[in-house]
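Worksheet: one structure, shown below.
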Amino acid sequence: MLTVKTPEEVLTLIGESAFAMGEPEAVPLSAALGRVLAEAVTATEFVPDFDRSTVDGYAVRGADTFGCSDSIPAILTVTGSVLMGQAAEGAVEENTCMAVPTGGALPQGADAVVMIEYTEDYGDGTIGVMKPAAPGSNLVYRGDDVRPGKVVLQAGRVLTAADIGALAALGRAQVTVARRPRVAVISTGDELVDVTEQPGPGQVRDVNSALLAAAVTSFGGEAVPMGALRDEETLLEETVRKALAQCDCVLISGGSSVGEKDATCRVIDRLGELLFHGIAMKPGKPTILGVVEGKPVMGLPGHPGAAFFVANLFLKPLLARMQGRTLVRRPVPAVLTETVSANHGRAQYTGVHLTERDGVLYAEPIRSKSGLISTLAGSDGYFEIPRDCEGLPQGSTVAVTVYHME
Numbered sequence: 031m032l033t034v035k036t037p038e039e040v041l042t043l044i045g046e047s048a049f050a051m052g053e054p055e056a057v058p059l060s061a062a063l064g065r066v067l068a069e070a071v072t073a074t075e076f077v078p079d080f081d082r083s084t085v086d087g088y089a090v091r092g093a094d095t096f097g098c099s100d101s102i103p104a105i106l107t108v109t110g111s112v113l114m115g116q117a118a119e120g121a122v123e124e125n126t127c128m129a130v131p132t133g134g135a136l137p138q139g140a141d142a143v144v145m146i147e148y149t150e151d152y153g154d155g156t157i158g159v160m161k162p163a164a165p166g167s168n169l170v171y172r173g174d175d176v177r178p179g180k181v182v183l184q185a186g187r188v189l190t191a192a193d194i195g196a197l198a199a200l201g202r203a204q205v206t207v208a209r210r211p212r213v214a215v216i217s218t219g220d221e222l223v224d225v226t227e228q229p230g231p232g233q234v235r236d237v238n239s240a241l242l243a244a245a246v247t248s249f250g251g252e253a254v255p256m257g258a259l260r261d262e263e264t265l266l267e268e269t270v271r272k273a274l275a276q277c278d279c280v281l282i283s284g285g286s287s288v289g290e291k292d293a294t295c296r297v298i299d300r301l302g303e304l305l306f307h308g309i310a311m312k313p314g315k316p317t318i319l320g321v322v323e324g325k326p327v328m329g330l331p332g333h334p335g336a337a338f339f340v341a342n343l344f345l346k347p348l349l350a351r352m353q354g355r356t357l358v359r360r361p362v363p364a365v366l367t368e369t370v371s372a373n374h375g376r377a378q379y380t381g382v383h384l385t386e387r388d389g390v391l392y393a394e395p396i397r398s399k400s401g402l403i404s405t406l407a408g409s410d411g412y413f414e415i416p417r418d419c420e421g422l423p424q425g426s427t428v429a430v431t432v433y434h435m436e
């Protein structure tokens, strides 16, 4: 008999967990994309380090352009040009200007830049300015982006391409990130054969080894495949011990129910502490979580569809937690294309295919039993029907968690 927790209770338990992890590591920027920042990045210099123009034009004193127009241009003498990558030579004095490119340094004495489109070159060393430029126009001042002491990136952030660019601007050639959790992936079942084999009567290919290894990688972990095992408790315990010696987390699919050969629960209980056995959800009720030697050991259902949902719902935040970050899910509203019934008393998770028509996002429920994976392969996300709800009618708006947006 399973003693179940609600999905919310499981997520709370994961969020409060403190599983053992190795020390952070320094990686070059070229390898930092998608990694979790282990410590805050604080600026030690100004970015940019000089006042610069944001347009092609002329550096001027704003006061010299006040009141000018197309009919009464301000006449300024051009005293030189600013070259990219060099400090300006000379200064802008009363009724003079200097040509400056986008990104070029602002000469001393200037406090604005006039866009070249609002000027006319008279060919005699002077220009006419047709539009006034207030002080500060078309300029980025020293330190407008970053000043020393400013926290640019917080610890726990998953680094994006833009973050990598910010680190490069700060002169950071490498960054300290959380180590990727090494996750042992074990499949169990007498019926399993390798994906390269033709299944015989009563046999199926080992889907979960590949499925869950890919999930671990997409969740920021490092998958360590341990193969498919026969339903032998001694063999499972031996493999789990081996996995614990080299990994930070162990993932076991199959053997999580209450049958005679469902040994996962007994092995975890014997080696460490069983945190729970069972979640009030569909699919995925017989999910297990324990801790052995300070490391999480998770038992997932053997059915690929159920294992897929459990991994997304609970393994993903678990691996995020182990890397020092909190997973933030960003559901999007979508309109159900058909009625979906639910089992009273258990939260139900349903995969959907999303389509957009006339600016409205629609969610088409994927009718799939937990043992089927082919239909889930085309899903874009999922939504939850709460445990106290018996279903949702066509036209209802549901909150869809889109896989690639998490």
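In terms of the working numbering, the sequence shown is residues 31 to 436. Note that CB positions come from ideal geometry on N, CA and C, so glycine has one too.
The straight-line gap separating the alpha-carbon atoms of residue 267 and residue 224 is approximately 21 Å. The residue from 212, 230, 214, 226 with its alpha-carbon nearest to that of residue 220 is 230.
Using a Cβ-Cβ distance cut-off of 8 Å, the segment 96 to 106 and the segment 154 to 162 are in contact, since at least three pairs of beta carbons, one from each stretch, lie closer than that value. Counting along the chain, the unbroken alpha helix (DSSP H) around residue 239 starts and ends at 237 to 248.
Within a 10 Å sphere around the beta-carbon of residue 96 sit fewer than 16 other beta-carbons, which makes this residue exposed. In terms of Cβ geometry, residue 361 and residue 333 do not form a close pair [threshold 8 Å].
The segment 113 to 133 and the segment 67 to 87 touch, with three or more beta-carbon pairs separated by less than 8 Å.
Looking from the CA of residue 216, the closest CA among 180, 173, 262 belongs to 262. Here residue 213 really is in contact with residue 279; their C-beta atoms are around 5 Å apart, less than 8 Å. When secondary structure is reduced to three states using DSSP, residue 389 falls in the coil class, being assigned neither helix nor strand.
The DSSP-derived three-state label of residue 137 is coil. DSSP lists 89 as the bridge partner or partners of residue 128. Between residue 170 and residue 122, the gap from beta carbon to beta carbon reaches 8 Å or more.
At least 8 Å separates the beta-carbon of residue 164 from that of residue 69.
Residue 281 is positioned such that its CB atom lies no closer than 8 Å to that of residue 241. Counting of Cβ neighbours within 10 angstroms places residue 265 among the exposed residues, the total staying below 16. Taking a cut-off of 8 Å on C-beta distances, the segment 134 to 150 does not touch the segment 183 to 200, as fewer than three cross pairs fall below it.
A residue is called buried when at least 16 other Cβ atoms come within 10 angstroms of its Cβ; residue 144 meets this threshold and is buried. Under a 10 Å Cβ-count criterion, residue 424 is classified as exposed, with fewer than 16 other Cβ atoms of the shown protein chains found around its own Cβ. Judged by DSSP in its simplified three-state form, residue 151 adopts strand.
Residue range 334 to 340 is occupied by the alpha helix (DSSP H) that includes residue 339, with no beta strand (DSSP E) assigned at that position. For residue 326, no alpha helix (DSSP H) encloses it; the enclosing beta strand (DSSP E) starts and ends at 325 to 330. Note on geometry: alpha-carbon atoms of residue 228 and residue 239 lie some 17 Å from one another. In this structure, residue 432 lies away from residue 413, with their beta-carbon atoms at least 8 Å apart. Bridge partners of residue 111 according to DSSP: 129. For residue 423, there is no enclosing beta strand (DSSP E), as DSSP marks it with neither H nor E. Listed in chain order, the alpha helix (DSSP H) runs fully inside the segment 160 to 230 are 191 to 199, counting runs of at least 4 residues. Annotated three-state conformation of residue 344 is helix, per DSSP. Annotation: residue 63 to residue 43 spans about 29 Å, alpha carbon to alpha carbon.
The residue among 211, 408, 410, 386 with its C-alpha nearest the C-alpha of residue 326 is 211.
Among the bridge pairs identified by DSSP, residue 82 is matched with 135, 170. The beta carbon of residue 168 lies closer than 8 Å to those of 83, 84, 85, 87, 142, 143, 144, 145 in the same chain, with the five residues before and after it left out. Here the C-alpha atom of residue 65 lies approximately 9 Å from the C-alpha atom of residue 353.
Assignment of beta-bridge partners to residue 67 by DSSP yields 207. A straight line joining the alpha-carbon of residue 348 with that of residue 324 spans about 14 Å.
When DSSP states are grouped into helix, strand and coil, residue 51 belongs to the coil group.
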